[in-house]
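For the sequence shown, the positions run 1 to 265 when full-length UniProt numbering is used.
Every residue, glycine too, gets a C-beta built ideally from N, C-alpha and C.
Have a look at the structure below before the remarks.
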Amino acid sequence: MLPEMEFLDETHYDSHQNATNGMNEESKSEERHLIVNYLPQNFTDKQLYQLFSPFGPVESLKIMRDQRTGYSFGFAFVNFLYENDAKAARHALNRYQIEHKRIKISLARPCSDDIKDTNLFISGLPLTFDDDDLFGMFSAYGEILQCHLLRDKFTKLSRGLAFVRYDKRDEAFAAIRGLNQSVPPGETTPIRVRLAQDHGKQKAAYIAGFRAALIQRKTKHGVPNVEAHSSRSRTLHENGYGYSQDDEHVMYPTSHWHGPRLGTA
Numbered sequence: 001m002l003p004e005m006e007f008l009d010e011t012h013y014d015s016h017q018n019a020t021n022g023m024n025e026e027s028k029s030e031e032r033h034l035i036v037n038y039l040p041q042n043f044t045d046k047q048l049y050q051l052f053s054p055f056g057p058v059e060s061l062k063i064m065r066d067q068r069t070g071y072s073f074g075f076a077f078v079n080f081l082y083e084n085d086a087k088a089a090r091h092a093l094n095r096y097q098i099e100h101k102r103i104k105i106s107l108a109r110p111c112s113d114d115i116k117d118t119n120l121f122i123s124g125l126p127l128t129f130d131d132d133d134l135f136g137m138f139s140a141y142g143e144i145l146q147c148h149l150l151r152d153k154f155t156k157l158s159r160g161l162a163f164v165r166y167d168k169r170d171e172a173f174a175a176i177r178g179l180n181q182s183v184p185p186g187e188t189t190p191i192r193v194r195l196a197q198d199h200g201k202q203k204a205a206y207i208a209g210f211r212a213a214l215i216q217r218k219t220k221h222g223v224p225n226v227e228a229h230s231s232r233s234r235t236l237h238e239n240g241y242g243y244s245q246d247d248e249h250v251m252y253p254t255s256h257w258h259g260p261r262l263g264t265a
């Protein structure tokens with residue numbers, strides 16, 4: 001049975017972003033914080049927990065979504081209580097196939113100039129383009145972490161718009177230089193490729209706030225507890241698993257781990 005979980009309202013993160021300034025060297029070097037890329041659009045927080053929890057106690061996790069629409073950005077953060085469990089999960093699940101995608105698991109790095117400005121917004125794409133066409137066009141310029149073709153909510157047809165996020169800023173700028181105002185084969189209209197500034201800032205805020213909240217909780221409580229952190233959060237429980245009707249919440253375990261941890265002696 002899954003351990004009972006609670007949800008931490010996202011606004012709680014913003015109020016503690018300054019806690020990152022006090023992060024010590026030990027916290028910076030921890031390898032228990034993972035970022036998971038290439039998640040399917042319909043993948044849920046509960047499924048993410050079920051995938052990672054066999055490796056050990058999960059301190060927190062969250063699939064990152066647009067705050068207004070709930071649209072999944074296709075990546076998530078998973079934080080274990082212990083580094084060895086995180087390493088075991090990373091070793092076992094990296095490139096694990098979920099539906100038509102293979103997930104990529106990396107260490108959740110702190111923000112730096114190297115990983116800023118990595119998300120691109122593309123407009124003017126042929127309406128016949130699918131996700132594979134988009135990936136094929138942009139993958140020549142670097143390692144793609146997320147690749148999202150925007151579709152109409154009701155018809156599911158392409159809107160000719162997309163987001164592509166690279167691992168490094170240099171790769172994103174190379175794609176801009178190579179593809180902006182280029183004309184796809186068989187087409188007559190050029191595409192436009194530019195930095196998705198708003199999304200980049202939102203992701204940076206997510207990362208900073210996410211790490212700050214973890215440090216705050218660890219400092220104050222030592223281990224996750226069952227206290228509610230937002231009066232706006234409605235947490236329901238089913239089969240020992242807590243979930244919220246509001247997607248903008250993070251799950252936290254409220255009980256200690258008593259089962260075995262995979263990948264350990």
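Counting of Cβ neighbours within 10 angstroms places Val193 among the buried residues, the total reaching 16 or more.
Contact between the region 97–109 and the region 35–48 is present: 3 or more CB-CB pairs across the two stretches fall below 8 Å.
For Gln97, the secondary structure class from DSSP, reduced to helix, strand or coil, is strand.
Under DSSP, Asn119 forms a beta bridge with Arg165. If you compare the alpha carbons of Asn84, Gly142, Met64 and Phe129 with that of Gly56, the shortest gap goes to Asn84.
Of all C-beta pairs linking the region 175–184 to the region 127–141, three or more are shorter than 8 Å, placing the two stretches in contact. For Lys46, the enclosing alpha helix (DSSP H) has its first and last residue at Asp45 to Phe52.
Arg109 sits in coil when the DSSP states are folded into three classes, being neither helix nor strand. Inclusion of Leu161 and Leu120 in the CB contact set at 9 Å is not warranted, their separation being larger than that value. Collapsing the DSSP output to three states places Ile176 in a helix. The criterion of a C-beta distance shorter than 9 Å is satisfied by Phe129 and Leu149. As computed with DSSP, Ser158 is found in a beta bridge with Arg151.
Within the same chain, Ile103 come within 6 Å of Tyr96 by CB-CB distance, once the 5 residues on both sides are set aside. Under a 10 Å Cβ-count criterion, Gly74 is classified as buried, with 16 or more other Cβ atoms of the shown protein chains found around its own Cβ. By alpha-carbon distance to Lys116, the top candidate from Asp167, Glu30 and Pro184 is Asp167. A Cβ-Cβ separation of about 22 Å leaves Arg68 out of contact with Thr118 under the 8 Å criterion. Contact between Leu81 and Leu61 does not hold, since the beta-carbon distance rounds to 12 Å and is not under 8 Å. Taking C-beta separations shorter than 7 Å and ignoring five residues to either side along the sequence, the partners of Ala86 in its chain run Glu31, Arg32, Leu34 and Phe80, following chain order. Excluding the 5 residues flanking it on each side, Ser123 has same chain C-beta neighbours closer than 6 Å at Leu161 and Arg192, in chain order. With distances taken between CA atoms, Ala88 lies nearest to Pro54 out of Thr188, Gln41, Pro40 and Pro54. Gly136: member of the alpha helix (DSSP H) spanning Asp131 to Phe138, first to last residue. Per the coordinates, the alpha-carbon of Glu171 lies some 25 Å from the alpha-carbon of Glu187.
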